[in-house]
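Residue numbers (our numbering): 127 to 262. Note that CB positions come from ideal geometry on N, CA and C, so glycine has one too. Only a predicted model underlies this, so the values are computations on that prediction, with no experimental measurement involved. Just below is one structure, and these are the notes that go with it.
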């Protein structure tokens, strides 16, 4: 892929003539970072709160870029890139096709399973429900 094509996908063509991330909004920085990752094609990606600082309109685009980065269209055995997404709010889960989710409490992995189910449980019953998994 060319830089122009990546910029088009990330809705950043108007920012190509500027210094990287200089004066960018939170959402522009996230899109720029994902564009750079797409160009690099890493085998493993760690994304720390990809929806942080991103307005609601652009979270969907961030999700699309993450799905593209993680090559979600391929079966797991054929994928060239895997990733770990850290989120506190879970908003990005509406747009990313995550296969597995985990909750960490006091530095230990607690509940694990379907990320949407885990998030729904937390929204309904709080983290206390996940703490039962650790303590039980």
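So residue i and residue j are in contact, right, with Cβ under 8 Å, and what is the actual spacing, rounded?
i: residue 165; j: residue 196; result: 15 Å between Cβ atoms; not a contact.
i: residue 256; j: residue 229; result: 4 Å
Can you check whether the CB of residue j is closer than 8 Å to the CB of residue i?
i: residue 155; j: residue 176; result: no
i: residue 158; j: residue 138; result: yes
i: residue 136; j: residue 161; result: yes
i: residue 181; j: residue 153; result: yes
Between the Cα of residue i and those of the options, spot the shortest distance and give me the residue it belongs to.
i: residue 259; options: 250, 239 and 249; result: 239
i: residue 173; options: 257, 231, 219 and 252; result: 219
i: residue 244; options: 227, 207, 257 and 232; result: 227
i: residue 169; options: 204, 208, 153 and 237; result: 208
i: residue 214; options: 183, 140, 252 and 184; result: 252
i: residue 210; options: 183, 241 and 184; result: 241
i: residue 232; options: 254, 134 and 141; result: 254
i: residue 163; options: 141, 127, 143 and 183; result: 127
Here's the rule I'm using: 16 or more other beta-carbon atoms within 10 Å means buried, otherwise exposed. How should residue i be labelled?
i: residue 234; result: exposed
i: residue 204; result: exposed
i: residue 250; result: exposed
i: residue 189; result: buried
i: residue 224; result: buried
i: residue 141; result: buried
Taking 7 Å as the line, does the beta carbon of residue i fall inside it for any heavy atom of the ligand FMN?
i: residue 179; result: Looking at this structure, you won't find the ligand FMN or any other ligand, since it has none at all.
Where does residue i fall in DSSP's three states?
i: residue 229; result: strand
i: residue 146; result: coil
i: residue 174; result: strand
i: residue 138; result: coil
i: residue 237; result: strand
i: residue 216; result: coil
i: residue 252; result: coil
i: residue 209; result: strand
i: residue 246; result: helix
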